[in-house]
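Each remark here refers to the structure printed beneath this line.
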Amino acid sequence: MQVKRFFEKLIEGFLLISGSITSITILLIVIFLFKEASGLFTTPVVEEGYVLAFNKENPIKHLNAYQIKQIFDSEISNWNEVGGKDMPIEVVRLSDLTNYYTEEELGAEFEHIPAKASELTAKTPGIVLFLPKQYVAKKFDGILLDHETIRPGDFFGGKEWYPTSTPSAQFGLLPLILGTFWVSLGAILLALPFGLAVAVYLAEIASMRVRNVLKPLIELLAGIPSVVYGFFGLVVIVPFLQQTFGLPVGETALAGSIILAIMALPTIITVAEDSMRTVPRAMKEASLALGATHWQTIYKVIVPYAKSGIMSAAVLGIGRAIGETMAVLMVTGNAAVIPHTLLEPVRTIPATIAAELGEAPVGSGHYQALFALGAILFLITMIISISVELISKKKYAK
Amino acid sequence: MQSKRISQAIAFTLFKLMSYAVIVILVLILGFIISRGIGVINWEFLTAAPEEGMTKGGIFPAIVGTFYLIIGSSLFSFPIGIMSGIYMNEYATDNKLASFIRIMTNNLSGVPSVVFGLFGMALFVNTLGFGDSILAGSLTLGLLSLPLVIRTTEESLKAIDNSFREGSLALGATKLQTIQKVVLPMAFPNIITGLILSIGRVSGETAPILFTVAAYFLPKLPNSIFDQVMALPYHLYVISTSGTDIESSRAMAYGTAFVLISIILIINILASVLRNYFAKKVKMN
Numbered sequence: 379m380q381v382k383r384f385f386e387k388l389i390e391g392f393l394l395i396s397g398s399i400t401s402i403t404i405l406l407i408v409i410f411l412f413k414e415a416s417g418l419f420t421t422p423v424v425e426e427g428y429v430l431a432f433n434k435e436n437p438i439k440h441l442n443a444y445q446i447k448q449i450f451d452s453e454i455s456n457w458n459e460v461g462g463k464d465m466p467i468e469v470v471r472l473s474d475l476t477n478y479y480t481e482e483e484l485g486a487e488f489e490h491i492p493a494k495a496s497e498l499t500a501k502t503p504g505i506v507l508f509l510p511k512q513y514v515a516k517k518f519d520g521i522l523l524d525h526e527t528i529r530p531g532d533f534f535g536g537k538e539w540y541p542t543s544t545p546s547a548q549f550g551l552l553p554l555i556l557g558t559f560w561v562s563l564g565a566i567l568l569a570l571p572f573g574l575a576v577a578v579y580l581a582e583i584a585s586m587r588v589r590n591v592l593k594p595l596i597e598l599l600a601g602i603p604s605v606v607y608g609f610f611g612l613v614v615i616v617p618f619l620q621q622t623f624g625l626p627v628g629e630t631a632l633a634g635s636i637i638l639a640i641m642a643l644p645t646i647i648t649v650a651e652d653s654m655r656t657v658p659r660a661m662k663e664a665s666l667a668l669g670a671t672h673w674q675t676i677y678k679v680i681v682p683y684a685k686s687g688i689m690s691a692a693v694l695g696i697g698r699a700i701g702e703t704m705a706v707l708m709v710t711g712n713a714a715v716i717p718h719t720l721l722e723p724v725r726t727i728p729a730t731i732a733a734e735l736g737e738a739p740v741g742s743g744h745y746q747a748l749f750a751l752g753a754i755l756f757l758i759t760m761i762i763s764i765s766v767e768l769i770s771k772k773k774y775a776k
Numbered sequence: 615m616q617s618k619r620i621s622q623a624i625a626f627t628l629f630k631l632m633s634y635a636v637i638v639i640l641v642l643i644l645g646f647i648i649s650r651g652i653g654v655i656n657w658e659f660l661t662a663a664p665e666e667g668m669t670k671g672g673i674f675p676a677i678v679g680t681f682y683l684i685i686g687s688s689l690f691s692f693p694i695g696i697m698s699g700i701y702m703n704e705y706a707t708d709n710k711l712a713s714f715i716r717i718m719t720n721n722l723s724g725v726p727s728v729v730f731g732l733f734g735m736a737l738f739v740n741t742l743g744f745g746d747s748i749l750a751g752s753l754t755l756g757l758l759s760l761p762l763v764i765r766t767t768e769e770s771l772k773a774i775d776n777s778f779r780e781g782s783l784a785l786g787a788t789k790l791q792t793i794q795k796v797v798l799p800m801a802f803p804n805i806i807t808g809l810i811l812s813i814g815r816v817s818g819e820t821a822p823i824l825f826t827v828a829a830y831f832l833p834k835l836p837n838s839i840f841d842q843v844m845a846l847p848y849h850l851y852v853i854s855t856s857g858t859d860i861e862s863s864r865a866m867a868y869g870t871a872f873v874l875i876s877i878i879l880i881i882n883i884l885a886s887v888l889r890n891y892f893a894k895k896v897k898m899n
């Protein structure tokens with residue numbers, strides 16, 4: 379008897395452990411994502427193994443990633459634009475040293491580069507020199523910018539995403555978050571009217587027989603893999619949009635929205651329909667007894683009563699759209715620029731992770747930036763889960 | 615009076631049309647892929663490895679890879695999912711812990727698949743050192759399908775009337791015996807149906823396997839759980855977007871999409887047949 383009791387307790391313990399796996403997973407996801415993501419803000423703004431050097435007289439102490447990029451792209455040509463003196467910027471890369479010195483002066487094995495680089499920096503007031511660390515002389519005559527790290531502002535407020543540009547990789551979140559926003563917004567605007575119409579039809583209008591046919595078909599729609607949706611979008615919707623709107627490329631935000639709308643439909647339909655079915659029969663019958671038509675009952679009684687469920691449906695649909703990866707990756711064109719219309723290529727957060735993680739060396743700034751994107755995505759979906767929880771709780775309290 | 619009826623007629627017709635439009639979309643997608651893909655299918659396509667930069671040959675390694683991933687992830691998610699479903703419904707029905715676990719499970723099911731991919735790469739591939747392998751991919755996919763398995767189990771158990779449990783307990787059976795001999799056998803059909811559907815989910819996922827297991831081109835079959843494999847959804851993705859010759863590998867892409875869709879269709883049909891079969895059996899008893 380004792381043994382049996384012990385055995386029962388043991389099994390219960392096992393079951394409890396299994397039950398806690400999901401919570402542990404969430405915890406681990408948080409730890410791993412945020413650990414890697416926080417590494418981004420200790421990554422140097424200048425490419426690994428390189429430094430930027432200035433003249434001693436130059437008052438500039440800090441440059442952020444975007445400023446460095448603009449300087450090297452010649453979009454900024456005067457130090458006063460980045461808070462320095464009124465003085466033209468002279469950009470010098472390692473390969474440019476031959477413009478200032480002959481090959482003999484640099485040495486056959488380039489052994490004189492450190493000395494010459496130091497000399498050039500000392501005598502050129504407006505210089506910014508991009509130099510590998512190995513060529514920095516021991517007594518370098520100038521200021522080195524080598525401890526500057528990527529700041530949260532560079533990431534959260536950055537307008538450009540060029541993770542492999544040199545000398546300073548650009549990890550700007552804005553184009554990606556706006557891309558995600560536009561694609562998801564388009565998707566939900568397309569999906570919501572259809573989803574609610576189908577939910578009303580299934581919950582109130584359709585006969586049992588029709589419903590028994592439609593319901594499995596809609597579940598099937600949810601079962602189709604996202605990569606198949608993406609493929610369909612690529613070979614059907616993308617060319618169609620290109621022709622219809624006369625676009626240079628058909629891979630646009632709109633293509634993503636259309637595909638995502640189809641993918642979000644089953645979620646919206648199921649959740650909204652379930653909530654409409656919970657409306658008490660008495661309420662419906664009271665409305666009908668007062669002489670309201672079935673349609674009036676639907677939009678005056680059933681829809682308002684099921685409001686929180688419909689809200690949940692919309693929120694879950696948005697969640698589905700925001701997190702969707704493969705289909706979006708295949709049809710939106712993946713241009714990391716801030717979109718102005720739905721007919722431009724965009725790049726979403728999940729698509730960026732999927733497209734670039736394979737190329738990002740483990741532990742690099744790029745790798746960490748992708749984990750930071752993952753962390754943001756995770757936070758967004760957490761917010762969505764929690765708000766759905768709150769919406770349904772509110773209904774329960776009522 | 616008349617206008618009331620007219621507006622109802624208009625609204626209902628509109629809703630009906632929109633509902634059928636959704637079905638038309640489904641039929642269009644399935645019909646398009648089936649009609650384009652079925653011509654590609656032949657014995658060679660199903661049993662040979664890809665050749666000549668994915669423009670010829672078949673997809674056998676990808677089919678095998680997907681099969682391994684289904685097995686591997688099921689070995690992980692089925693036992694744990696069922697056990698935690700049992701715990702939540704039978705042992706911890708009303709306490710704080712259960713509601714915490716339930717919220718966490720819901721949250722996990724809302725996590726995007728690409729985040730699972732990131733997590734799987736960080737934990738299984740890099741930290742635990744499994745490398746890109748069947749093991750890492752299966753565990754990642756297993757975690758992804760876990761909430762689905764838990765929820766199905768829990769719902770199947772919930773559907774069983776309490777009088778059965780009470781009857782068993784009254785006869786002197788312990789709680790464990792009741793679960794084992796009464797509750798589980800009754801819930802079994804629904805649980806199985808849920809498990810089959812979760813296999814459908816796993817077989818189509820791409821983002822979680824991108825960085826944990828999937829190989830671009832690997833004609834030989836894996837020898838151990840630490841090998842990489844090709845997988846159907848990933849194969850479809852690469853040959854339709856980044857193959858060496860996208861135009862001439864289109865046919866292969868249609869074929870792959872067709873195979874993938876067929877697996878999903880078979881799984882869905884199987885699940886609903888089982889559901890109906892068991893439902894009839896219950897009615898007869």
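Which chain is which? The protein sequence lines are X and E, in order.
With the numbering used here as the guide, the letters of the first sequence map in order to residues 379 to 776.
With the numbering used here as the guide, the letters of the second sequence map in order to residues 615 to 899.
Glycine included, each C-beta is placed from N, C-alpha and C at the ideal position.
Since this is a predicted model, take the numbers as computed values, not measurements.
For residue i, the first and last residue of its enclosing beta strand (DSSP E)
{"i": "residue 673 of chain E", "result": "No beta strand (DSSP E) holds residue 673 of chain E; DSSP gives it neither H nor E."}
{"i": "residue 628 of chain E", "result": "Residue 628 of chain E -> not in any beta strand (DSSP E); alpha helix (DSSP H) instead, spanning 616 to 651."}
{"i": "residue 472 of chain X", "result": "Counting along the chain, residue 472 of chain X falls outside any beta strand (DSSP E), and DSSP gives it neither H nor E."}
{"i": "residue 712 of chain E", "result": "No beta strand (DSSP E) holds residue 712 of chain E; the alpha helix (DSSP H) holding it covers 710 to 724."}
{"i": "residue 431 of chain X", "result": "428 to 432"}
Closest Cα partner of residue i within the set the options
{"i": "residue 721 of chain X", "options": "X:673, X:597, X:630", "result": "X:630"}
{"i": "residue 714 of chain E", "options": "X:688, X:399, X:471", "result": "X:399"}
{"i": "residue 885 of chain E", "options": "E:657, E:809, E:833", "result": "E:809"}
{"i": "residue 733 of chain X", "options": "X:703, X:741, X:758, X:555", "result": "X:703"}
{"i": "residue 848 of chain E", "options": "E:817, E:753, E:624, E:839", "result": "E:817"}
{"i": "residue 573 of chain X", "options": "X:640, X:389, X:480", "result": "X:640"}
{"i": "residue 880 of chain E", "options": "X:602, X:691, X:612, X:559", "result": "X:602"}
{"i": "residue 575 of chain X", "options": "X:563, X:643, X:556, X:588", "result": "X:643"}
{"i": "residue 771 of chain X", "options": "X:487, X:740, X:690", "result": "X:690"}
{"i": "residue 571 of chain X", "options": "X:688, X:748, X:489", "result": "X:688"}
{"i": "residue 510 of chain X", "options": "X:504, X:475, X:479", "result": "X:475"}
{"i": "residue 478 of chain X", "options": "X:613, X:505, X:534", "result": "X:505"}
{"i": "residue 864 of chain E", "options": "E:624, E:635, E:853, E:874", "result": "E:853"}
{"i": "residue 492 of chain X", "options": "X:677, X:480, X:516", "result": "X:516"}
{"i": "residue 534 of chain X", "options": "X:448, X:767, X:753", "result": "X:753"}
{"i": "residue 682 of chain X", "options": "X:697, X:657, X:672", "result": "X:657"}
Nonlocal neighbours in the same chain, by C-beta distance under 8 Å from residue i, ignoring five residues either side
{"i": "residue 706 of chain X", "result": "561, 608, 634, 637, 638, 726, 728, 729"}
{"i": "residue 874 of chain E", "result": "817, 818, 846, 847, 850"}
{"i": "residue 734 of chain E", "result": "750, 751, 753, 754, 757, 822, 825, 826"}
{"i": "residue 617 of chain X", "result": "628"}
Chain-order list of residues whose beta-carbon lies under 7 Å from that of residue i (same chain, five-residue window excluded)
{"i": "residue 407 of chain X", "result": "756"}
{"i": "residue 627 of chain X", "result": "620, 711, 723"}
{"i": "residue 675 of chain X", "result": "662, 665, 666"}
{"i": "residue 440 of chain X", "result": "526"}
Residues that DSSP places opposite residue i in a beta bridge
{"i": "residue 828 of chain E", "result": "E:843"}
{"i": "residue 548 of chain X", "result": "X:540"}
{"i": "residue 711 of chain X", "result": "X:724"}
{"i": "residue 527 of chain X", "result": "X:422"}
Boundaries (first-last residue) of the alpha helix (DSSP H) holding residue i
{"i": "residue 667 of chain X", "result": "659 to 667"}
{"i": "residue 700 of chain X", "result": "685 to 701"}
{"i": "residue 491 of chain X", "result": "491 to 501"}
{"i": "residue 510 of chain X", "result": "Looking at the DSSP string, residue 510 of chain X is not in any alpha helix (DSSP H); the run it does join, the beta strand (DSSP E), is 505 to 510."}
{"i": "residue 619 of chain X", "result": "616 to 623"}
{"i": "residue 521 of chain X", "result": "Counting along the chain, residue 521 of chain X falls outside any alpha helix (DSSP H), though it belongs to the beta strand (DSSP E) covering 521 to 523."}
{"i": "residue 403 of chain X", "result": "380 to 417"}
{"i": "residue 674 of chain X", "result": "672 to 675"}
Cut-off 6 Å between Cβ atoms - residues of its own chain near residue i, not counting five sequence neighbours on either side
{"i": "residue 445 of chain X", "result": "460"}
{"i": "residue 738 of chain E", "result": "744, 750, 753"}
{"i": "residue 935 of chain E", "result": "For chain E, the structure presents residues 615 to 899; residue 935 of chain E sits outside this window and is missing."}
**Prompt:** Are there three or more Cβ pairs, one per stretch, closer than 8 Å when the segment 727 to 747 of chain E is compared with the segment 662 to 673 of chain E?
**Reply:** no
**Prompt:** Touch check for the segment 683 to 703 of chain X and the segment 692 to 710 of chain E: three-plus C-beta pairs under 8 Å?
**Reply:** no
**Request:** Could you tell me whether the segment 760 to 768 of chain X touches the segment 426 to 445 of chain X, using the rule of 3 or more Cβ pairs below 8 Å?
**Result:** Judged by Cβ distances under 8 Å, the segment 760 to 768 of chain X makes no contact with the segment 426 to 445 of chain X, as fewer than three pairs qualify.
**Asked** Should the segment 855 to 869 of chain E be called in touch with the segment 642 to 654 of chain E, which here means at least 3 C-beta pairs below 8 Å?
**Response** yes
**Request:** State whether the segment 490 to 499 of chain X contacts the segment 533 to 547 of chain X, with contact taken as three or more CB pairs (one from each stretch) at a distance under 8 Å.
**Result:** no
**Prompt:** Quick check: the segment 768 to 778 of chain E against the segment 828 to 839 of chain E, are there 3 or more CB pairs under 8 Å?
**Reply:** no
**Item:** Cβ pair count under 8 Å reaching 3, the segment 643 to 658 of chain X against the segment 590 to 606 of chain X
**Value:** yes
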